[in-house]
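Trainee:
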Amino acid sequence: MIDFEPGFLSALAGSAAVSILVAGAGGFMTDTGPWYRSMKFPSWKPPDWAFGPIWTLVLVCATLGSAKGLQAAPDDQTYWLCVAVLGLNAGLNILWNAIFFALRRPDWAFIEVVIFWLSILAVMFVIGSHAPFAALYFSPYLFWVGIASLLNWKIVVLNRPFGALSHD
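Numbering-wise, numbering that gives the first Met the number 0 puts 47 at position 48 of the sequence shown, and it's gapless, one number per residue.
Printed below as a string of structure tokens:
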């Protein structure tokens with residue numbers, strides 16, 4: 000249950016601001032124009048319209064988990080460790096969009112998404128060490144990025160080569 004203990008609202012506001020920044024940056028870089036539409040996709044790929052609502056739900060859950068994890072930090076060192084792993088994760092989330100869409104390198108994006116997925120595990124571990132229930136809020140994020148990783152891999156397999164050898 001979400002409660003309004005001291006520090007929760009400020010942690011929620013900060014976490015929400017970061018989630019909005021991540022979503023905005025990702026949305027800004029996402030280009031489903033001719034290059035994207037020309038690629039082959041696996042039959043199980045979710046429809047393009049589903050990505051926005053799914054990411055919204057995932058980031059709402061991550062925002063709540065972040066806020067609760069930050070609010071429950073037992074000391075300054077733990078608090079700043081949470082901030083560091085959450086910041087790293089946010090940066091990796093944005094970086095994936097830049098690599099996949101702006102650079103048009105799904106092959107490099109696959110390498111990055113593995114690190115990105117591991118950063119979610121790191122967030123869950125760090126927050127889970129002092130707020131186990133809060134760490135569970137990151138489960139949809141872990142699951143969705145796992146699916147996105149598989150999709151990224153299939154895009155690489157179905158469409159390589161990329162970069163200088165490709166025919167973009």
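No residue lacks a Cβ here, since even glycine has one placed at the ideal position from N, Cα and C.
These figures come from a predicted structure and were not determined experimentally.
Could you spell out where the alpha helix (DSSP H) holding F27 opens and where it closes?
Mentor: Element bounds for F27: 7 to 28.
Trainee: As a quick exercise: from F40, S65, L120, pick the residue whose alpha carbon is nearest that of V144.
Mentor: Nearest option by C-alpha distance: L120.
Trainee: Just mark Q70 as buried or exposed, buried being the case when its beta carbon has 16 or more other beta carbons within 10 Å.
Mentor: Per the 10 Å Cβ criterion, buried.
Trainee: Among L149, F100, R103, which one has its Cα closest to the Cα of V113?
Mentor: Minimum Cα distance to V113 is reached at L149.
Trainee: Report the residue from R104, G68, Y140 whose alpha carbon sits nearest the alpha carbon of D30.
Mentor: It is R104 whose Cα lies nearest to the Cα of D30.
Trainee: Which same chain residues, not among the five before or five after L94, have their C-beta less than 8 Å away from its C-beta?
Mentor: Counting only Cβ-Cβ distances below 8 Å, and skipping sequence neighbours, we find E111, F115.
Trainee: Span of the alpha helix (DSSP H) holding I146?
Mentor: Its alpha helix (DSSP H) spans residues 138 to 158.
Trainee: Exposed or buried, which one is V156 when buried takes at least 16 other CB atoms within 10 Å?
Mentor: Burial call: exposed.
Trainee: Helix, strand or coil: how does DSSP classify G86 here?
Mentor: Three-state result, G86: helix.
Trainee: Among L58, P131, S128, L91, which one has its Cα closest to the Cα of L117?
Mentor: The option with the nearest alpha carbon to L117 is L91.
Trainee: Can we say the stretch 12 to 19 touches the stretch 30 to 43, given the rule of at least three CB pairs closer than 8 Å?
Mentor: With a cut-off of 8 Å, the stretch 30 to 43 and the stretch 12 to 19 do not count as touching, because too few Cβ pairs lie within range.
Trainee: Alpha carbon to alpha carbon, how far is M28 from A130? Give it in angstroms, no decimals.
Mentor: The straight-line gap from Cα to Cα measures roughly 33 Å.
Trainee: Looking only at C-alpha atoms, which of G162, C60, K153 sits nearest to S42?
Mentor: The candidate whose alpha carbon is nearest that of S42 is K153.
Trainee: Can you have a look at G66 and say buried or exposed, based on whether 16 or more other CB atoms are within 10 angstroms of its CB?
Mentor: First, the amino acid is wrong: residue 66 is Ala here, not Gly. Buried, by the Cβ-count rule.
Trainee: Have a look at C81 and V125 and give me their C-alpha separation to the nearest angstrom.
Mentor: Taking the straight line from one Cα to the other gives about 6 Å.
Trainee: Could you say which of V59, A108, P45 lies nearest to L20 if we only look at CA atoms?
Mentor: Residue V59 is the option with its Cα nearest to L20.
Trainee: Candidates G6, A16, P33, E4: which alpha carbon is nearest F100's?
Mentor: Cα-wise, what sits closest to F100 is P33.
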